[in-house]
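Peer 1: This is the structure, below, for whatever I ask next.
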Amino acid sequence: MARILIIEDEQDLAGLVEYNLRASGFEAETAGSGASGLAKARTHTPDLILLDLMLPDLAGSEVLRMLKSDPELRKVSVIIVSAKGQEADRIQGLELGADDYVVKPFSVRELLLRVKAVLRRVDTEETPAAMLRVGEIHLDTSRHQVRVQGEEVVLTALEFRLLRTLMERTDRVQTREVLLSDVWGIQAEIHTRTVDTHIKRLREKLGPAGDIIETVRGVGYKLSPP
Ligand code: CA
C-alpha cells in the first residue's frame with residue numbers, strides 16, 4: 341500500500357484529497373505547512389508527495405528543492421498541485437524534479453489517475469533487473485544507480501530517466517520533442533531548451549563518459565557507443 345503525503349494549507353481541499361486517497365486504498369496523511377511536511381516526510385518516508393506551491397511558511401518550490409537535496413528523500417515522487425498554472429510555473433516545477441503537475445482546480449478523479457500513473461512509472465522502473473551498459477556507463481534500473489568506471493554518479497530522478505531513455509535507444513536520434521514527451525511527459529514544442537539544459541547537466545555529471553551523448557544539430561540527441 342503506497343503512502344502519500346499531502347502538503348497543503350487549504351484544509352478542506354487537503355481533507356477531500358486525503359479522504360479520496362484512502363477510499364482508493366492508499367495510506368494518506370496531510371501537513372498544513374512546508375516545514376511540517378518536511379518533518380513528516382523525514383519521520384516516515386512517503387512514496388509520493390502532493391505538494392502545493394503557495395504555503396504559509398515556505399514556497400513549495402523551496403520544499404521541493406529541499407526534498408531533492410536530501411539523500412533519503414530524493415527518490416520520493418512529487419506531484420505539484422497548484423493554482424499557478426502558467427506553462428513557466430509547470431516547467432520550473434518539473435525542472436526542479438517534480439514528476440507531474442496538476443493545476444487547481446482539478447477533478448479528484450484526474451488527480452487519482454495522475455497519482456496512480458506516477459506510482460506505476462516508479463514500479464516499472466524498479467521491477468526489471470535490467471542492467472544497461474553503453475561504453476563506460478552502467479545503469480542499473482532496479483537499483484536506480486548509475487556508475488561510470490565503477491564510480492557512482494548521483495542523478496536526479498529526471499536525469500536518470502533522461503539517461504535511461506537515451507541508453508535504451510542507443511544509436512537512434514531522439515528529438516527534443518520526443519524527449520520532452522517521453523521523459524517529462526509534456527506535449528509542447530516551445531520548451532525544448534529545457535531538454536538542452538538537462539542534457540548539459542547530465543554530460544557534466546558523467547564526466548568524460550558524457551561525450552557519448554551526441555548533439556544532432558537542429559534535431560536532438562543520440563547516444564552512440566564508442
Ligand atoms: Ca496554498
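Residue numbers (this note's numbering): 341 to 566. Note that the Cβ used here is the ideal one computed from N, Cα and C, for glycine as well.
(1) Is residue 595 near residue 560, with beta carbons less than 8 Å apart?
(2) When DSSP builds the beta bridges, which residues end up paired with residue 486?
(3) Spatial neighbours of residue 492 within its chain, please: C-beta separation below 8 Å, excluding the five flanking residues on both sides.
(4) In angstroms, rounded to a whole number, what distance separates the CA positions of residue 350 and residue 444?
(5) Comparing alpha-carbon positions, which option in 514, 365, 522, 374 lies nearest residue 440?
(6) With C-beta atoms as the reference, is residue 389 less than 8 Å away from residue 353?
(7) Can you list, in chain order, every residue whose CB sits closer than 7 Å to a heavy atom of ligand 1?
(8) Looking at C-alpha atoms only, which residue of 362, 383, 552, 375 is the closest neighbour of residue 392?
(9) Using C-beta distances below 6 Å, list every residue in its chain close to residue 469, excluding the 5 sequence neighbours before and after it, in chain order.
(10) Quick test of your reading: residue 546 and residue 507, contact by CB under 8 Å. State the CB separation rounded to the nearest angstrom.
(11) What is the residue span of the alpha helix (DSSP H) that residue 444 lies within?
(12) Pull up the distance between the alpha-carbon of residue 347 and that of residue 504, whole angstroms please.
(13) Identify, in the order they occur along the chain, each residue of the same chain with its Cβ nearer than 6 Å to the Cβ of residue 362, setting aside the five sequence neighbours on each side.
(14) Please state whether DSSP places residue 512 in a helix, a strand or coil.
(15) With three or more beta-carbon pairs closer than 8 Å as the criterion, would you say the stretch 398-416 touches the stretch 430-440?
Peer 2: In terms of the structure at hand:
(1) Coverage of the chain is limited to positions 341 through 566, which leaves residue 595 absent and any answer about it impossible.
(2) BP columns for residue 486 point to 479, 493.
(3) 485, 486
(4) Here the alpha carbons of residue 444 and residue 350 stand approximately 12 Å from one another.
(5) 522
(6) no
(7) 348, 349, 350, 392, 394, 395
(8) 375
(9) With a pLDDT of only 47 at residue 469, under 50, the local geometry of the prediction cannot be trusted, and the value read off the model is given with reservation. Cβ contact annotation for residue 469 (same chain, cutoff 6 Å, sequence separation greater than five): 482, in chain order.
(10) The Cβ separation is near 11 Å, so there is no contact.
(11) Looking at the DSSP string, residue 444 is not in any alpha helix (DSSP H), and its letter there is neither H nor E.
(12) 30 Å
(13) 368
(14) The three-state secondary structure of residue 512, taken from DSSP, is coil.
(15) yes
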